[in-house]
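Under the working numbering, the first residue of the sequence shown carries the number 3, and numbering increases by one thereafter. Think of the CB as a built atom: it goes at the ideal place given N, C-alpha and C, for glycine as much as any other residue. Data block below; observations after.
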Amino acid sequence: MADTITAATAALETQRRLLVDEYVRRAWNMWQSLTPQDWWNDAVTQGAAAYITQQQMAFVRAMRRLGISYADIMLRLVGTTPQGQIPEYVVVRDNTDPWKVALRPADAYRSLAVQHPDIRPRGWDGLDKRVQEAVNNWLDMARNQLQDNADTDGTLAQNRATASRYEASGIRRYRRVIHPELSKSGTCGLCVVAATNTFTRPDLMPMHNRCHCTVAPITESNDPGLKLNGDDLQKIYRAAAAASGKKGYSTSAADLTKLRVDVTSNSELGPILTRAQSETIADTESLGEWHMPDMQMTNAQMRRMYERASEFNRHYQILADSGKDIESFRYDGRNYTFKSGPHLKQAWDYVRSLLEYSRGWLGLAA
Numbered sequence: 003m004a005d006t007i008t009a010a011t012a013a014l015e016t017q018r019r020l021l022v023d024e025y026v027r028r029a030w031n032m033w034q035s036l037t038p039q040d041w042w043n044d045a046v047t048q049g050a051a052a053y054i055t056q057q058q059m060a061f062v063r064a065m066r067r068l069g070i071s072y073a074d075i076m077l078r079l080v081g082t083t084p085q086g087q088i089p090e091y092v093v094v095r096d097n098t099d100p101w102k103v104a105l106r107p108a109d110a111y112r113s114l115a116v117q118h119p120d121i122r123p124r125g126w127d128g129l130d131k132r133v134q135e136a137v138n139n140w141l142d143m144a145r146n147q148l149q150d151n152a153d154t155d156g157t158l159a160q161n162r163a164t165a166s167r168y169e170a171s172g173i174r175r176y177r178r179v180i181h182p183e184l185s186k187s188g189t190c191g192l193c194v195v196a197a198t199n200t201f202t203r204p205d206l207m208p209m210h211n212r213c214h215c216t217v218a219p220i221t222e223s224n225d226p227g228l229k230l231n232g233d234d235l236q237k238i239y240r241a242a243a244a245a246s247g248k249k250g251y252s253t254s255a256a257d258l259t260k261l262r263v264d265v266t267s268n269s270e271l272g273p274i275l276t277r278a279q280s281e282t283i284a285d286t287e288s289l290g291e292w293h294m295p296d297m298q299m300t301n302a303q304m305r306r307m308y309e310r311a312s313e314f315n316r317h318y319q320i321l322a323d324s325g326k327d328i329e330s331f332r333y334d335g336r337n338y339t340f341k342s343g344p345h346l347k348q349a350w351d352y353v354r355s356l357l358e359y360s361r362g363w364l365g366l367a368a
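Listed below in structure tokens is the structure:
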């Protein structure tokens with residue numbers, strides 16, 4: 003059984019990596035098409051993010067299908083017949099809709115660039131060394147934000163679809179399965195410790211950024227994840243040594259007790275693994291309490307995107323009709339500045355496309 007699960011996991015990871023890479027490629031190609039001025043033009047960045055949002059939704063659908071396929075293999079291995087109709091698409095994050103997440107590379111770029119107001123290149127070529135290094139840093143930050151979002155959202159979408167299939171098939175207990183072979187540095191200590199636990203609710207299995215753990219079902223007679231995790235026991239000892247500042251492995255009780263984890267609630271992603279007493283917790287609690295994404299939440303977020311696209315469409319039209327170069331307004335607690343430029347029309351088209359998509363999802367008349 004272990005060999006079959008390992009093969010299924012390898013196939014899962016291959017497909018996961020292909021889907022993530024393709025989504026990141028498409029999204030980054032969009033951001034790379036912007037001029038330096040475009041990065042400061044809300045009309046263009048919102049349009050680019052609107053395009054990426056539809057790419058992200060297609061990506062999440064594919065990741066959910068992958069998660070269901072993996073679940074069906076695991077269920078058959080423990081002697082359970084897959085059952086239940088799982089929604090094709092469910093949003094990944096609470097309190098923040100996909101369009102806002104898609105915009106975060108632009109926010110990351112600006113957050114660094116605003117620290118250097120003297121550097122505002124007119125183009126990407128012919129820059130002196132100091133300016134080029136700064137601009138490269140801004141772009142790297144934007145791409146890293148995109149990659150983080152893709153890895154995190156992809157794994158969550160996959161694992162939630164897997165867990166939903168398990169639950170619909172009568173599974174009531176779950177185990178986190180670590181995969182040291184899927185990371186250049188091996189499984190992190192947080193996941194190794196968490197893998198010793200079982201879960202009775204799939205929505206309470208904590209993750210972390212760029213996590214590659216999967217979910218295995220547990221029946222009365224089968225716990226395949228226990229054997230797989232046991233084969234990686236040395237990872238626990240290595241993590242224990244690292245927690246004590248040592249190299250290699252440690253099996254001493256004193257070192258193992260230093261490797262402790264906490265679970266904190268992230269208001270977008272849900273339960274998040276952190277090292278115990280860690281000062282650096284990626285948390286967004288100010289946004290509100292977390293709830294497991296479902297179809298009701300998906301419809302609510304789709305409506306928010308529809309309303310935002312409707313409002314932005316109105317201001318694109320105002321800018322086009324007025325003959326002015328700038329249209330400034332405030333919406334949903336944020337100030338926006340739409341500027342004329344060579345990419346304005348294309349950006350507007352992307353927003354209108356998202357407007358039509360969300361309208362169709364909600365079943366609204368044009």
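Whether residue i touches residue j by CB criterion (8 Å)
i	j	result
ALA110	MET143	yes
TYR72	THR164	yes
ARG167	ILE88	yes
VAL103	MET297	no
PRO123	LEU114	no
ASN43	GLY343	yes
ASP127	ARG177	no
ALA218	VAL179	yes
LEU105	THR47	yes
THR216	THR11	yes
LEU357	ASN315	yes
Own chain residues within Cβ distance below 6 Å of residue i, not counting five before or after
i	result
GLU90	ARG63
LEU346	ALA45
GLY49	ALA349, TYR352, VAL353
ASP155	VAL94
TRP140	TYR111, LEU114, ALA115
ARG78	none
Burial state of residue i (16 or more Cβ within 10 Å)
i	result
PRO119	exposed
LEU20	exposed
THR6	exposed
PRO295	buried
GLN160	buried
ALA98	Checking the sequence, you will find Thr at residue 98 rather than Ala. It counts as buried.
GLY116	Residue identity differs from the one stated: residue 116 is Val in this sequence, not Gly. Exposed, because fewer than 16 other Cβ atoms sit within 10 Å of the Cβ of VAL116.
ARG336	exposed
ASP96	buried
THR16	exposed
ILE35	A small correction: the amino acid at residue 35 is Ser; Ile does not occupy that position in the sequence shown. Exposed, because fewer than 16 other Cβ atoms sit within 10 Å of the Cβ of SER35.
SER223	exposed
ASN268	buried
ILE220	buried
ASP40	buried
HIS214	buried
LEU14	buried
LEU366	exposed
GLY405	With the chain running from 3 to 368 in the structure shown, residue 405 is simply not present.
ARG162	buried
ARG132	exposed
ARG66	buried
ARG18	buried
LEU235	With a pLDDT of 48 at LEU235, under the threshold of 50, the modelled position of this residue cannot be trusted; read the value that follows with caution. LEU235 should be labelled exposed.
Beta bridge counterpart(s) of residue i as assigned by DSSP
i	result
PHE201	TYR176
PRO273	SER267
SER330	THR339
PRO219	TYR176
Same chain, Cβ closer than 8 Å to residue i, five either side skipped, listed in chain order
i	result
ALA9	none
ARG310	TRP101, TYR333, ASP334
ASP74	PRO84, ARG167
MET59	TYR91, PRO100
SER355	ALA52, TYR53, GLN56
ILE320	GLU329
GLY81	THR221, SER223, ASN224
Contacting residues, own chain, Cβ-Cβ under 7 Å from residue i (five flanking each side not counted)
i	result
THR202	ARG174, ARG175
HIS317	GLU329, PHE331, PHE340
ALA29	ILE54, GLN57, LEU148
VAL22	ALA152, ASP153, GLY156
ARG305	LEU364
GLY86	ARG167, ALA170, SER171
SER312	LEU357
Contained alpha helix (DSSP H) runs [length at least 4] in the stretch 31–100, N- to C-terminal order: 44–79
Uninterrupted alpha helix (DSSP H) stretches inside the stretch 124–175 (no shorter than 4 residues): 131–170
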